[in-house]
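>
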Amino acid sequence: MRAETGTRARRPAGPGLISKVGIILVGIVFFFPFIWMFASSLKPSLEVFSSGGSLLGSRLEWSNYSSVWTAVPFARILVNSFLVAAAGALLAVTVSLLSAYAFSRLQFRYRDRLFLVFLGTLVLPQEVLVIPLYIMASRAQMVDTYAALILPFAFGAFGAFMLRQFLLTLPRDYEEAARIDGAGQLRILVHVIAPLLRAPLAVVGAFLFIEYWNSFLWPLIVINDQDMATLPLGLQMFSGERGTDWGPLMAAATLAVVPSLLIVVAMQKQLANGVNLGGFGGR
Numbered sequence: 004m005r006a007e008t009g010t011r012a013r014r015p016a017g018p019g020l021i022s023k024v025g026i027i028l029v030g031i032v033f034f035f036p037f038i039w040m041f042a043s044s045l046k047p048s049l050e051v052f053s054s055g056g057s058l059l060g061s062r063l064e065w066s067n068y069s070s071v072w073t074a075v076p077f078a079r080i081l082v083n084s085f086l087v088a089a090a091g092a093l094l095a096v097t098v099s100l101l102s103a104y105a106f107s108r109l110q111f112r113y114r115d116r117l118f119l120v121f122l123g124t125l126v127l128p129q130e131v132l133v134i135p136l137y138i139m140a141s142r143a144q145m146v147d148t149y150a151a152l153i154l155p156f157a158f159g160a161f162g163a164f165m166l167r168q169f170l171l172t173l174p175r176d177y178e179e180a181a182r183i184d185g186a187g188q189l190r191i192l193v194h195v196i197a198p199l200l201r202a203p204l205a206v207v208g209a210f211l212f213i214e215y216w217n218s219f220l221w222p223l224i225v226i227n228d229q230d231m232a233t234l235p236l237g238l239q240m241f242s243g244e245r246g247t248d249w250g251p252l253m254a255a256a257t258l259a260v261v262p263s264l265l266i267v268v269a270m271q272k273q274l275a276n277g278v279n280l281g282g283f284g285g286r
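All the letters of the sequence shown, read from the start, carry residue numbers 4 to 286 under this note's numbering.
Here you go:
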């Protein structure tokens, strides 16, 4: 009996070990491009592609990182990207919360049909939208402004859909209690609903921040002034008529990834809680 009990107790160790090894291997595969990018940022520019499969060059070229700040206005570009991503994510999360509350709690005619139409905007590729958006931005004299970078994509359906799916799973008991106490819709949303949505709001906010941070096509079209460039446009500045300066480009790309990684690491608990919540399954 003891032998059988010991055997049964040891059985889960095998599958658990295999799962951990598998996760580590998958992590290495996905993380390898970042390792290669960082290693390439420390190579001389001429050796980035000529050194074969070696991660190390003939010497460590730390000057690539100093060249990033002198070759292009990289400090200004970082500030632009951070302002656009932070303001855009904050505005988009606010709009998403209001939209999700309206489509899940308020009763009005054709609510569900309007939500399906709103959700249908997700299937439209950005390439279809940039021309009419540019015409509108040009007529509103918003070209080469922060507003042009932030406003057009702050009213998307992605965040509203995710938050609505979670709201549909929340019981209405707290809201009814607040309504009996005399609270209005806005007060219920701010003081009752929003605190319950901290984890989903963190997930949506992180996704939207990274989406603004990595956006390339729309800034490329609406920004002509170098002082208003964001990071994807700044990385393009390392390519010119004489070719691409690969060493500083890889160094700049490495620096561009750092803020996104810091956000994920700093918010990993909230992100994990938000993803694990049943509300994202929808109904």
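Yeah, the Cβ is synthetic: ideal placement off N, Cα and C, and Gly gets one too.
As the structure is a computational prediction, the values presented were derived from the model and not from experiment.
(1) If you drop the 5 nearest sequence neighbours on each side, which residues of the same chain put their C-beta closer than 7 Å to that of Ser107?
(2) Could you check where the alpha helix (DSSP H) with Thr233 kicks off and where it finishes?
(3) Tell me Thr148's beta-bridge partners as DSSP assigns them.
(4) May I have the straight-line CA-CA distance separating Arg79 from Phe33, to the nearest angstrom?
(5) Which residues in the same chain have their Cβ closer than 6 Å to the Cβ of Gly285, if we skip the five residues on either side of it in sequence?
(6) Between the Cα of Ala205 and those of Val82, Thr97, Trp72, Ser53, spot the shortest distance and give me the residue it belongs to.
(7) List the whole-angstrom C-beta distance separating Leu109 from Ile153, where the pair is believed to meet the contact cut-off of C-beta under 8 Å.
(8) Determine the burial state of Gly9: buried for a count of at least 16 other Cβ atoms within 10 Å of its Cβ, exposed for fewer.
(9) Whose C-alpha, out of Ile31, Phe164, Phe210, is nearest the C-alpha of Ala105?
(10) Pick helix, strand or coil for Ser242, following the three-state DSSP scheme.
(11) Taking Ala42 as the reference, give the member of Trp249, Val267, Tyr177 with the closest Cα.
(12) Decide if the stretch 48 to 68 is in contact with the stretch 123 to 135; the criterion is three or more beta carbon pairs, one per stretch, under 8 Å apart.
(13) With distances taken between CB atoms, is the gap from Val87 to Tyr177 smaller than 8 Å?
(14) Say whether the stretch 177 to 195 touches the stretch 217 to 228, bearing in mind that this needs 3 or more beta-carbon pairs closer than 8 Å, one atom from each stretch.
(15) Span of the alpha helix (DSSP H) holding Arg116?
(16) By the DSSP assignment, the alpha helix (DSSP H) with Ile138 in it spans what residues?
(17) Helix or strand or just coil, what does DSSP make of Thr257?
(18) At the level of alpha carbons, what is the spacing between Lys46 and Pro251?
(19) Can you tell me where the alpha helix (DSSP H) with Pro222 in it begins and where it stops?
(20) Given Val71, which residues of its chain have a CB within under 7 Å of its CB, disregarding the five upstream and five downstream residues?
(21) If we ignore side chains and look at the alpha-carbon of each, how far apart do Val261 and Ala150 end up?
This is what the structure gives:
(1) As a position in the sequence shown, residue 107 is number 104, starting the count at 1. Around Ser107: Arg167, Leu170, Leu171.
(2) Within the sequence shown, numbered from 1, the residue matching residue 233 stands at position 230. Looking at the DSSP string, Thr233 is not in any alpha helix (DSSP H), and its letter there is neither H nor E.
(3) Position 145 of the sequence shown, counted from the start, is the residue given in the question as residue 148. Thr148 is not bridged to any residue.
(4) What you label residue 79 is simply residue 76 of the sequence shown in a count that begins at 1. What you label residue 33 is simply residue 30 of the sequence shown in a count that begins at 1. Between Arg79 and Phe33, the C-alpha separation is close to 31 Å.
(5) The residue labelled residue 285 in the question sits at position 282 within the sequence shown. Interpretation of Gly285 is limited by its pLDDT of 44, a score under 50 that renders its predicted location unreliable; the figure taken from the coordinates is listed afterwards. Within the same chain, Gly285 has close Cβ partners Gln168.
(6) In the sequence shown, the residue the question calls residue 205 occupies position 202. Taking only the C-alpha atoms, the option nearest Ala205 is Thr97.
(7) Residue 109 sits at position 106 when you count from the first residue of the sequence shown. Residue 153 sits at position 150 when you count from the first residue of the sequence shown. That belief does not hold up - the Cβ atoms of Leu109 and Ile153 are roughly 27 Å apart, past 8 Å.
(8) Residue mapping note: residue 9 aligns to position 6 of the sequence shown, counting from 1. Bear in mind that the predicted position of Gly9 carries a pLDDT of just 49, short of 50, making it too unreliable to give a figure here.
(9) Counting from one through the sequence shown, the residue named residue 105 turns up at place 102. Selected option, being the one with the closest Cα: Phe164.
(10) To locate residue 242, count along the sequence shown from 1; it is residue 239. Looking at Ser242 - three-state DSSP - the assignment turns out to be strand.
(11) Position 39 of the sequence shown, counting from 1, holds the residue named residue 42. Of the candidates Trp249, Val267, Tyr177, the one whose C-alpha sits nearest the C-alpha of Ala42 is Trp249.
(12) no
(13) As a position in the sequence shown, residue 87 is number 84, starting the count at 1. As a position in the sequence shown, residue 177 is number 174, starting the count at 1. No, the pair does not count as a contact, with Cβ atoms beyond the cut-off.
(14) no
(15) For the purposes of this step, residue 116 is identified with residue 113 of the sequence shown, where counting begins at 1. 114 to 123 is the span of the alpha helix (DSSP H), which, as asked, contains Arg116.
(16) Taking the first residue of the sequence shown as position 1, residue 138 is located at position 135. It spans 129 to 142 - the alpha helix (DSSP H) in which Ile138 sits, taken as one unbroken run.
(17) In the sequence shown, the residue the question calls residue 257 occupies position 254. In this structure, Thr257 counts as helix in the three-state DSSP scheme.
(18) Translated into the one-based positions of the sequence shown, residue 46 becomes position 43. Translated into the one-based positions of the sequence shown, residue 251 becomes position 248. Whole-angstrom Cα-Cα distance: 9 Å.
(19) For the purposes of this step, residue 222 is taken as residue 219 along the sequence shown, with counting starting at 1. Counting along the chain, the alpha helix (DSSP H) containing Pro222 begins and ends at 220 to 225.
(20) In the sequence shown, the residue the question calls residue 71 occupies position 68. Closer than 7 Å at the Cβ level, and outside the excluded window around Val71, lie Phe77, Pro251, Ala254, Ala255, Leu258.
(21) Indexing the sequence shown from 1 puts residue 261 at position 258. Indexing the sequence shown from 1 puts residue 150 at position 147. Cα to Cα, Val261 sits roughly 25 Å from Ala150.
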